[in-house]
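Letter by letter, the sequence shown follows residues 1 to 373 of UniProt numbering.
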Amino acid sequence: MTHSAIIPTLFLASLLMGCQPEVTSKAESPVAQVQSVTLSMQDSYPITHKFVGRIFHPQTSDLGFEPSGTVEQINVELGQRVDTGQTLARLDIRLLQSESRQLQASLAQIQADLDLVNTTLKRQLSLSKQGYQSEQQLDELRSQKAQLTAQSQQLTANLDANAIRLQKSELKAPYSGVVIKRHINEGQVTGAGQPAFTLVPEGAVEARIGLPVRLLSKLDPNSSWRANVDGEPLSLNYLGQSAEVDASTRTVTLRFAVAPDKRLLNGQLIYLEVEEQIASRNAKVPLSALTAGLRGLWSLYVLERLDNGDFQVERRDVRVLHANDSEAWVSGAIVDDDSVVATGLQRLVAGQRVQIEANQSQLDTAGLESTQL
């Protein structure tokens, strides 16, 4: 066969092949598998507030000398434990000692004068009985005796006051505790009532925390209180509240007793968690069920059942009322018992046909029930 005869034959064969019916099979795309969660509508949602307060020893005292003077000796240091009656510091008492000697000398002189007057008065009374002494002289002696007696009493009182000042020149611990501050140094002149040490007692402490007035009516004093110090949970017992609003923080201070087995420092920060229920129709969903919507809204993918048993994805806009690290409380175009896609929203579009995974028909919704305050 010549070359010119081969070409028409090949052309005819290609035409015959083109007329055969095309047999192609396109594999149908598999239906996406999703996990779902059933919505349970509720009338309120919880918001957890965190308030900060301080640990406080109720008997914390700023101790100081009642009389003024120069600090002569300091016997304790910061952080030292002291016992009841232990001497913490002393003032220079030389001036008081000198004053005491002067008063004692004056009192001795007055007493000598008083003894002389008593002796003279006794003698004059004897002469008066014999008619040798006038009543005027006796009255003068009686008056002199009264004056000396009054002076003696005054000096005795001054000596007592001097002894008290000497006693108070020693600053002693009123109770057992720990010195947490020292405000004075040796040689320093301290004024009357000026703090010298801050002493906290050993034993149970209190927590004092400020809360807004609006929350007070919603709290149950007998309920359990959740608090922590440096991340360690604490058990608190409600003791009471102040009768006024703090002008700087606009809060009311609540007092709580802390378990005595906790070793806490005065002034340490404590964090209190208070749950408040906000009245609003809502449903709780996992954060993974939300996708960004338009105009600041969020969206859920609601599952609408089809006749063949599959589901179709329908996008519903919702508003997030509150959220935490894992869940959100939403309101919007949703009703009770709606089924929504719980996770994997990035691979879905509105109108897509899906199936619920065979190993779960609905996610357990018990964890999505609201915890009441």
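The C-beta atom is built at its ideal place from N, Cα and C for all residues, glycine as well. These numbers come from a predicted model, not from an experiment.
On the three-state DSSP scale, how would you describe residue i?
i           : result
L114        : helix
R182        : strand
L216        : helix
V354        : strand
E244        : coil
D160        : helix
R347        : helix
residue 377 : Only positions 1 to 373 of the chain appear in the structure, and residue 377 is not among them; the question remains open.
S44         : strand
L103        : helix
T87         : strand
K262        : coil
L78         : coil
Can you name, in chain order, every residue of its own chain whose Cβ lies under 8 angstroms from the Cβ of residue i, other than the five neighbours on each side?
i    : result
F188 : Sequence check: residue 188 is Gln here, not Phe. Around Q188: T70, V71.
In terms of residue numbering, what span does the beta strand (DSSP E) encompassing residue i cover?
i           : result
T251        : 251-258
I334        : Here I334 belongs to no beta strand (DSSP E), and DSSP marks it neither H nor E.
P233        : 232-241
residue 395 : Residue 395 cannot be examined here, being either before or after the span of the chain that is shown, 1 to 373.
N222        : From DSSP, N222 is part of no beta strand (DSSP E); its letter is neither H nor E.
E275        : 269-286
H322        : 311-323
E170        : 170-172
E304        : 298-305
Return yes when at least one heavy atom of the ligand SAH lies under 7 angstroms from the C-beta of residue i, else no.
i    : result
D220 : Among the components of this structure there are no ligands whatsoever, and the ligand SAH is therefore not found.
Who are the Cβ neighbours of residue i in its own chain at under 6 angstroms, not counting the five residues just before and after it?
i    : result
T291 : S299, L345
N158 : L103
E314 : V302, E304
E357 : Q33, Q35
S61  : L199
D338 : L39, V302
Since residue i and residue j are thought to touch, with beta carbons under 8 angstroms apart, how far apart are those beta carbons, to the nearest angstrom?
i    : j    : result
L269 : V52  : 6 angstroms
L239 : R226 : About 17 angstroms; that fails the 8 angstroms criterion.
P174 : G64  : No, P174 and G64 are not in contact; Cβ-Cβ is about 12 angstroms, not under 8 angstroms.
G332 : V318 : 3 angstroms
For residue i, which residues in the same chain have their Cβ closer than 7 angstroms to its Cβ, ignoring the five residues on either side in sequence?
i    : result
S288 : A342, T343
L155 : L103, S106, L107, I110
Quiz item: Given 8 angstroms as the limit, is there contact between the stretch 214-226 and the stretch 199-206, that is, 3 or more CB pairs closer than that?
Solution: no
Quiz prompt | the stretch 270-278 in contact with the stretch 38-54 per 3-pair CB rule at 8 angstroms | solution = yes
Quiz item: Counting Cβ pairs closer than 8 angstroms, one from the stretch 109-124 and one from the stretch 136-153, do we hit at least three?
Solution: yes
Quiz item: Do the stretch 76-84 and the stretch 161-179 meet, that is, are 3 or more Cβ pairs less than 8 angstroms apart?
Solution: yes
Exercise. State whether the stretch 165-173 contacts the stretch 92-100, with contact taken as three or more CB pairs (one from each stretch) at a distance under 8 angstroms.
Key: yes
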